[in-house]
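Below is one structure, written out as structure tokens; the observations come after it.
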Amino acid sequence: MVKKKTSRSNSKSAHKTKRHKKAAIFSVISSKRWIVIAIALAIGVGSYNFLVNHEDFGPQLPPPPADALYKQADQPVEARVKDLLSYMTLEEKIGQMALVDKNSLVKIEDIKKYNLGGVLSGAGAKPSVNTPQGWLDMISVMKQQAANSRLGIPILYGVDANHGHANMLGATVFPHAIGLGASQDSELVQRVALATAKELKATGINWSYSPSLDAPKDIRWGRVYEAFSDDPELNGKLGAAYIAGTQTSRADQADKSYVMATAKHYLGTGAMLWGKSNHR
Numbered sequence: 192m193v194k195k196k197t198s199r200s201n202s203k204s205a206h207k208t209k210r211h212k213k214a215a216i217f218s219v220i221s222s223k224r225w226i227v228i229a230i231a232l233a234i235g236v237g238s239y240n241f242l243v244n245h246e247d248f249g250p251q252l253p254p255p256p257a258d259a260l261y262k263q264a265d266q267p268v269e270a271r272v273k274d275l276l277s278y279m280t281l282e283e284k285i286g287q288m289a290l291v292d293k294n295s296l297v298k299i300e301d302i303k304k305y306n307l308g309g310v311l312s313g314a315g316a317k318p319s320v321n322t323p324q325g326w327l328d329m330i331s332v333m334k335q336q337a338a339n340s341r342l343g344i345p346i347l348y349g350v351d352a353n354h355g356h357a358n359m360l361g362a363t364v365f366p367h368a369i370g371l372g373a374s375q376d377s378e379l380v381q382r383v384a385l386a387t388a389k390e391l392k393a394t395g396i397n398w399s400y401s402p403s404l405d406a407p408k409d410i411r412w413g414r415v416y417e418a419f420s421d422d423p424e425l426n427g428k429l430g431a432a433y434i435a436g437t438q439t440s441r442a443d444q445a446d447k448s449y450v451m452a453t454a455k456h457y458l459g460t461g462a463m464l465w466g467k468s469n470h471r
């Protein structure tokens, strides 16, 4: 009997130790997440600020030849990327790393001047005329600025389309991920993503910051509704369906362009504790 108690006690102790180690791992992941975010923000917003505050980059180089390899759509992607990089200056590479909020742009011409790689509409960042045509007009001007730059690299324009193109008046608004997760219906989720992608593309947007694959651990966390579930298996199933729906929207587009999905946030976001995050 004594041996059995000892064995049971050891088992409980081992289980407790394992649980504590797991908690420690989540703690490390959660704390390191902010370091990663800080680096990402420094690369994106910081690179734009660097360019704006350093006007003198020397003489402007002439544009590449009209028949440069990177401009030929029928060539292999890897070869085109290598060719494009060979033409890029350090300043142009820095500009391409910048993802700037629409409301943070000093001037629309900065897209061309600093070779900005991407623009996003964060909270409240919408056109003055918040209609489908208003969005299309705003983004078209930005795309033209990029096309007129020395290298002509297209910009990425992204929005948080977590439950439809909901920043735009008149858009189709779907249930948040928590509602879609309750359905456990991957076919339905794919249809929702496809419908959202079509509305994004129709207004000039080519990048969707969704789906959210966080697995919330504390119901008091303020972004629980953005996640499908706390079950990784269900998240994977519905997340894959959402990505497929978003990125296969090219099938019915004559120009074969499509909307890019973003699987986010990972890095322990769902393990945030109440009172330990700005996103309570």
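Count along the sequence shown starting at 1, add 191, and that's the number in the numbering used here. Glycine residues also receive a C-beta, built at the ideal position from the N, C-alpha and C atoms.
For residue i, report the span of its beta strand (DSSP E) as first-last.
{"i": "valine 291", "result": "290–292"}
{"i": "leucine 347", "result": "347–350"}
Identify which residue in the options has its Cα closest to the Cα of residue i.
{"i": "leucine 311", "options": "Asp351, Val268, Gly325 and Ser340", "result": "Asp351"}
{"i": "arginine 414", "options": "Lys298, His456, His356 and Gly349", "result": "His456"}
{"i": "lysine 392", "options": "Tyr416, Met451 and Phe365", "result": "Met451"}
{"i": "lysine 502", "options": "Lys298, Val297, Lys304 and Pro267", "result": "Absent from the structure is residue 502, since the part of the chain shown begins at 192 and ends at 471."}
{"i": "tyrosine 416", "options": "Thr394, Asn353 and Ala362", "result": "Asn353"}
{"i": "serine 295", "options": "Gly308, Ala316 and Asn306", "result": "Ala316"}
{"i": "leucine 252", "options": "Gln263, Gln266, Tyr278 and Val268", "result": "Tyr278"}
{"i": "valine 474", "options": "Thr394, Ala368, Phe365 and Gly370", "result": "This structure gives no information on residue 474, because the portion of the chain shown stretches from 192 to 471."}
{"i": "alanine 259", "options": "Trp398, Asp274 and Val268", "result": "Asp274"}
{"i": "isoleucine 346", "options": "Lys334, Ala357 and Gly355", "result": "Lys334"}
{"i": "methionine 329", "options": "Leu425, Thr280, Ile396 and Pro423", "result": "Ile396"}
{"i": "asparagine 321", "options": "Gly361, Leu290 and Gly308", "result": "Gly361"}
{"i": "isoleucine 410", "options": "Pro423, Ser374, Val268 and Ile369", "result": "Ile369"}
{"i": "threonine 363", "options": "Pro323, Gly343, Asp376 and Ile344", "result": "Pro323"}
{"i": "isoleucine 344", "options": "Ser319, Asn358 and Gln263", "result": "Gln263"}
{"i": "asparagine 306", "options": "Gly286, Val291 and Gly325", "result": "Gly286"}
I'd like the list of long-range same chain contacts for residue i, defined as Cβ closer than 6 Å, with 5 residues on each side in sequence excluded.
{"i": "arginine 473", "result": "Coverage of the chain is limited to positions 192 through 471, which leaves residue 473 absent and any answer about it impossible."}
{"i": "proline 402", "result": "Gly430 and Tyr433"}
{"i": "threonine 453", "result": "Tyr400"}
{"i": "valine 219", "result": "Unreliable positioning characterises valine 219 in this predicted model, as indicated by a pLDDT of 37, which lies under 50. A coordinate reading is not provided."}
{"i": "glycine 473", "result": "The structure shown does not extend to residue 473, since the chain spans only 192 to 471, so no value can be given for it."}
{"i": "proline 256", "result": "none"}
{"i": "lysine 293", "result": "Val310, Ser312 and Ala316"}
{"i": "threonine 280", "result": "none"}
Between residue i and the rest of its own chain, which residues show a CB-CB distance below 8 Å, the 5 nearest in sequence each way excluded?
{"i": "alanine 214", "result": "With a pLDDT of 40 at alanine 214, under the threshold of 50, the modelled position of this residue cannot be trusted; read the value that follows with caution. Same-chain partners within the cutoff: there are none."}
{"i": "glycine 461", "result": "Asp405, Ala406, Pro407, Lys408, Trp412, Ala418 and Asp421"}
{"i": "valine 272", "result": "Tyr261"}
{"i": "glutamine 381", "result": "Ala432, Tyr433, Ala435 and Gly436"}
{"i": "glutamate 378", "result": "Ala432"}
{"i": "phenylalanine 365", "result": "His354, Gly355, Leu371, Val383, Ala386 and Thr387"}
{"i": "serine 222", "result": "Low local confidence applies: a pLDDT of 40 at serine 222 is under 50, so the model's placement there is unreliable, with the coordinate-based value given in what follows. Answer for serine 222: no residue qualifies."}
In terms of residue numbering, what span does the alpha helix (DSSP H) encompassing residue i cover?
{"i": "glycine 313", "result": "Run containing glycine 313: none; DSSP gives neither H nor E here."}
{"i": "leucine 327", "result": "323–338"}
{"i": "glutamine 381", "result": "377–393"}
{"i": "glutamate 300", "result": "Neither: glutamate 300 is in no alpha helix (DSSP H) and is coded neither H nor E."}
{"i": "tyrosine 449", "result": "Here tyrosine 449 belongs to no alpha helix (DSSP H), and DSSP marks it neither H nor E."}
{"i": "asparagine 426", "result": "423–438"}
{"i": "serine 319", "result": "Taken as a continuous stretch (DSSP letters only), serine 319 belongs to no alpha helix (DSSP H), as it is neither H nor E."}
{"i": "valine 277", "result": "One point to set straight first is that residue 277 is serine, not valine, in the sequence displayed. From DSSP, the alpha helix (DSSP H) with serine 277 extends over 268–278."}
{"i": "alanine 418", "result": "Premise fails: alanine 418 is in no alpha helix (DSSP H) and is neither H nor E."}
{"i": "leucine 371", "result": "368–374"}
Which residues does DSSP pair with residue i in a beta bridge?
{"i": "lysine 455", "result": "Ser403"}
{"i": "tryptophan 412", "result": "Tryptophan 412 is not bridged to any residue."}
{"i": "glycine 286", "result": "Paired residues: none, contrary to the question."}
{"i": "glycine 309", "result": "Leu290 and Leu347"}
{"i": "glycine 355", "result": "Asn353"}
Excluding the 5 residues flanking residue i on each side, which residues of the same chain have their C-beta closer than 7 Å to its C-beta?
{"i": "asparagine 339", "result": "Lys303"}
{"i": "glutamine 336", "result": "Ile299, Glu300, Ile302 and Lys303"}
{"i": "leucine 425", "result": "Gly372, Gln375 and Phe419"}
{"i": "leucine 515", "result": "Given a span of 192 to 471 for the chain in the structure shown, any question on residue 515 remains unanswerable."}
{"i": "proline 423", "result": "Ala406"}
Does any residue of chain C have a CB that is nearer than 7 Å to the CB of residue i?
{"i": "glutamine 266", "result": "In summary, chain C is missing from the structure at hand, where a single protein chain is found."}
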